[in-house]
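A quick write-up on the structure given underneath.
Protein chains in written order, with the numbering used here: chain A, 87 to 515; chain B, 29 to 964.
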């Protein structure tokens, strides 16, 4: 009910003022006014058996690209029953459990961090929720709340008992790409030496690798939260994890999504809900009051602030496949990832002219780069076909402006620009 | 400048004289022997009569011939001396005379007499015994009237009226002025014309035949008149004796633009209360406003001390108070949300609204229940004589108001309606996205007014407003205000009058969610209150006027309910228990005139509140933060059982001391209790904020304010200047924990924080009330800070230190100017400058789960850039042909002429794992509009 997009704000205002788009939302370059360095704890442990990792970093300024990892900290997880798990820094800022973790649903756990400067951070004791597996994941064709036609990926869980249940979801989607203008030939040799006697030349060869069908993946990076709170059903029913517009090429042929469910506590959920509220935009008129997000990790001193939540979750996942034809039978495909329009970049540029240098070599006058060769070298072009007008052009206009081949933007004739030709292990046709 | 005319026999050259003058004092040659004459004159012009006498007695008269104008006299004397003759000649006129015997000259005096001796003690204390005769004279003669040239020279629509003739033998403290008020166009008497004596604030009303009678102090008096459909006037009157004055008044269509906000010029200085403003909506019609909507609340925001967080912020903040601390009354009933569409439009019909009194400092003792201010908005009484109407067509709304006489001179009906029609424009567009969205609103009002006799009248008002808007295509928001009030005004006797009123108000909002999934629901909230109030006003004597009464309110709040819609919805229904409470007060106030200069208002009000069952309340362990884990007990209450009571005395004290007749100093102190609160987790107000009654865990807000001000009027009240400072403290104001969920929360006390606030400021206002150029300039320096401290970090904000509120804008300058070029064209401008409001700005970015987010720490530590905006408008009146069906005018205005992109908020949105900093503004470009107004 709160998922709204910026675009709608424009609609709302435009509607009121009958197209006088008077309100505006514009992006600006944020600068850091008063930077504070906080410890950021990304500590999500699940009931999955195996080594698990906790990430420590520090807040960074708008002007920097990436966070600086928090190094040389001592990270441990203690159980109420007295078990201690040690975590060692394997990569900078990434602390991996020394042994394989096997957390119990019956026990409670606490995270302890001592940073290299001696500051100590401790979490509340947390418990793993009881497992509640994903029952099914399915795709439904429908119109979403902003009026887009497409496919919603929805999931259901079994019913839980009693209290409301809280979840956070992530997904990994994999989709099939078919190059729309696949050509069995690709560029072979490029002769970009004007002095070798035969001028510039680009040759073709039969493809060494099939490049018509590729597979690409994409992982979620937004917060997807759900709960059974306020619902008469104590599990999750028809929850939309992902919506793909019918204009989205991801669903053009065959699409697969792995939905990962992290079943966590009410407090974890409200922490992430606040984070979501603070980092989303409802409309120009309302603005949720942000503030310092307090999770379940506390510093021993008032000065050292910490951001993050020691999140214990019960993990389940489910994979689901569907074809475009299943939901859009007989309908045109979504547009390809890029626009595949044919071009004819000349081998020799317009006004190409060279003069003998006296020693048998030639000097090109002015700016005389080859548009075709430059484009191929930059990876811009896929071969489409020979240019039927090439010979006539040579006969009437000469070298300058002569284009031997018709080309397509890279990716149209060769899908490898967007994915890998090797299907992933889980892929099923 | 004084002009005299030298009258010679045979020379009757008339000289045109434009202005009136001071007393004529001339010295003249001598006159020795007493002569007598016999004369008989019949209905001849006075001037001719004087010439006859002049010749007969060989004297010379000095007078201004335009005093005499068309006056005629009859005279019959035999062997009369000069004074006998003149006594008879001037008997029926306002003239006196003074004989300079040695010089054979007679000075004719209009109204006045010549004082040939100075008052006793004029030169200080006399050493010798006073001359008995002199003394007598000084006592017997009425005090002289001096009229400063300055006053007389002020251009006025009406000339100075001189009433009666000074009678040297009588000296009364009051003279009687009687007369009739007549409509200049129709010649009909004007009943119900309010005539106010500005110096004493006394009010008389003309009767059905337009007759009036009023007692006035000798000398200069200023009367202001006001009646529906009649242009307001001011008449300057000099009282020399009892007399008559007929007020021939024009209908009130054309001369309304002059005074915009008229906290009645003299009132400003003489009223006892601090921080009081009066807005006359009709007169503020020229102020250029967004999309051509005349808007009382926007005008109010141009006054010092009244502001909002920004354009598009629904609530109003008065003197650093929160938005829930204003009592907004429409015809005595509370209107919870007086705005449409996020505060951009007011929900009050500008054509039926007469105006508002705004109390931001000392609040009259009859009002209570809010800490910061009272907006007492009044609807017009309908025209009892003839059917009339007013309307406008603007780019967004259409507006119509009708005044319908039911029984001539007795009762009338006002009906007003307005609505936004942007919606259908929208729907007719081809763009699918646009035609899916919705934003519409309307409001309607009906007021009935019935006067039974001069001692009894009844007024009844019913009002309804509704907003619908959708932000996404699957959710439809709506909110409505509904109110009704009946008021009976009754005069028991000369000294006591009273009013009995009943009012009911209802505010509710709802969200209808109709999505694709199984989550369809219908969410509702409502608050309803019924008030009964009886108040009396008794004039005990010249020194004491009492205001006293009793009031009681009953609240019923549905804090929220959600129900599934349709068979497929899995939404679990939630019905949070209704909250009930009773609020009451007894009050008494005494307006004490201590001396002519010192006036004191003493008021005491005892406020009482009881939260009532049925319902359940939790108790929490002492010394622990309130949350699910610290619940001690849950108590159930039966219907009507008292859950908790609160209350206490409220003091309302104000004093005014006149340093000079047009210069006063005032001070006030008042405290208040507030038992209802809004819950919001927005930085500004949103229409889905809920009102919460105080209960076991949420205590009432309390506060006090002390104010001191200086008020000065210049140039015959043309300019008003005031400087007012205030200091304010508030306790138990509400805020909320970071990320709180307030809607549909059964235990909202676990999310709410109660803290204290302080606000202080200095407000400077200069107004020009008349003339071609009029308007005002206000400057405010004000701060508003809040503090939420606790021993638990989750219940602290900003470490328990004071932090600036969302609407803390220290510098605020407002200029409103109207320039009337001709009768038909007038221009207006509105300029605002404000310090940018505080916002919570990130202290850095962090990466979490492969996405970047911003981190916040202290609330409101930074400010968005300063706000400024200029609006310009032109008003073009239609022609004034008498028989035209409708009188009309066009308003063309451009809002935000400078196109200043004033930031309203900043947002930091995480999209595709990256942080985008966004800045929103509501009106970023100039917004032109044309509105057509008509009146018939």
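Note that beta-carbon positions come from the ideal geometry of N, C-alpha and C, so glycine has one too.
Bear in mind that the values here come from a model prediction, so they are computed numbers and not experimental data.
Check residue i in the structure and name its three-state DSSP category.
i: residue 322/B; result: coil
i: residue 428/A; result: coil
i: residue 932/B; result: coil
i: residue 584/A; result: Limits of chain A in this structure are 87 at one end and 515 at the other, which puts residue 584/A out of reach.
i: residue 294/A; result: coil
i: residue 60/A; result: Because chain A in this structure spans residues 87 to 515, residue 60/A falls outside the shown range and cannot be described.
i: residue 416/B; result: strand
i: residue 520/B; result: coil
i: residue 351/A; result: coil
i: residue 446/B; result: strand
i: residue 125/A; result: strand
i: residue 357/A; result: helix
i: residue 410/B; result: coil
i: residue 309/A; result: coil
i: residue 166/B; result: Interpretation of residue 166/B is limited by its pLDDT of 35, a score under 50 that renders its predicted location unreliable; the figure taken from the coordinates is listed afterwards. Reduced to three states, the DSSP call for residue 166/B is helix.
i: residue 828/B; result: helix
What whole-angstrom Cβ distance do residue i and residue j have, given they're in contact under 8 Å?
i: residue 970/B; j: residue 557/B; result: Nothing about residue 970/B can be read from this structure; chain B reaches only from 29 to 964.
i: residue 749/B; j: residue 805/B; result: Going by Cβ atoms, the distance from residue 749/B to residue 805/B rounds to 10 Å, so no, they are not a contact pair.
i: residue 339/A; j: residue 224/A; result: Not quite, the Cβ-Cβ distance comes to about 19 Å (not below 8 Å), so this is no contact.
i: residue 617/B; j: residue 630/B; result: 7 Å
i: residue 276/A; j: residue 459/A; result: 6 Å
i: residue 406/B; j: residue 353/B; result: Residue 406/B to residue 353/B, Cβ: 21 Å. No contact.
i: residue 873/B; j: residue 145/A; result: 6 Å
i: residue 637/B; j: residue 675/B; result: 6 Å
i: residue 396/B; j: residue 672/B; result: In fact, because the Cβ distance is near 19 Å, the residues do not count as touching under 8 Å.
i: residue 581/B; j: residue 394/B; result: That belief does not hold up - the Cβ atoms of residue 581/B and residue 394/B are roughly 13 Å apart, past 8 Å.
i: residue 193/B; j: residue 269/B; result: 6 Å
i: residue 310/A; j: residue 221/A; result: Incorrect: roughly 18 Å between the Cβ atoms, too far for contact.
If you draw a straight line from the alpha carbon of residue i to that of residue j, how long is it in whole angstroms?
i: residue 722/B; j: residue 823/B; result: 19 Å
i: residue 661/B; j: residue 324/B; result: 49 Å
i: residue 784/B; j: residue 375/A; result: 19 Å
i: residue 607/B; j: residue 259/A; result: 49 Å
i: residue 916/B; j: residue 510/B; result: 31 Å
i: residue 951/B; j: residue 788/B; result: 30 Å
i: residue 422/A; j: residue 467/A; result: 16 Å
i: residue 359/B; j: residue 628/B; result: 28 Å
i: residue 730/B; j: residue 697/B; result: 14 Å
i: residue 242/B; j: residue 256/B; result: 20 Å
Return no unless some Cβ of chain E is closer than 8 Å to the Cβ of residue i.
i: residue 382/A; result: No chain E is present in this structure, whose protein chains are A and B.
- Message: Against chain A, which members of the stretch 752-773 of chain B pass a CB distance test of less than 7 Å?
- Response: 766, 767
- Item | Complete alpha helix (DSSP H) runs within the stretch 387-468 of chain A (minimum length 4 residues, chain order) | 410-413, 457-463
- When you check each C-beta in the stretch 860-877 of chain B against every C-beta of chain A, which residues fall closer than 7 Å? 868, 869, 871, 872, 873, 874, 875, 876, 877
- Message: Residues of the stretch 598-611 of chain B in Cβ contact with chain A at a cutoff of 9 Å, in chain order, please.
- Response: 598, 599, 600, 601, 602
- Item | Continuous beta strand (DSSP E) assignments of at least 3 residues falling wholly in the stretch 614-649 of chain B | 626-640, 643-648
- Message: To test your reading of the DSSP string, which unbroken beta strand (DSSP E) runs of 3 or more residues are found completely within the stretch 78-134 of chain B?
- Response: The DSSP assignment places 88-91, 100-109, 123-128 as complete runs of the beta strand (DSSP E) inside the stretch 78-134 of chain B, in order along the chain (cut-off: 3 residues).
- Item | Residues of the stretch 330-353 of chain B with Cβ closer than 7 Å to any Cβ of chain A, in chain order | 340
- Item | Residues of the stretch 114-127 of chain A whose Cβ lies closer than 8 Å to any Cβ of chain B, in chain order | 114, 115, 116, 118, 119, 120, 121, 122, 123, 124, 126
- Closer than 9 Å, Cβ to Cβ, to anything on chain B: give me those residues from the stretch 128-161 of chain A, in chain order. Those residues of the stretch 128-161 of chain A placed with their C-beta closer than 9 Å to a C-beta in chain B are 128, 130, 141, 143, 144, 145, 146, 147, 148, 150, 152, 153, ordered along the chain.
- At 3 residues or longer, and completely inside the stretch 164-219 of chain A: list those beta strand (DSSP E) runs for me, N to C. 170-177, 180-183, 194-200, 206-209
- Positions along the stretch 205-218 of chain A whose CB lies within less than 7 Å of some CB in chain B: none
- Listed in chain order, which residues of the stretch 230-250 of chain A have Cβ atoms closer than 8 Å to some Cβ of chain B? Residues 230, 231, 232, 233, 238, 240.
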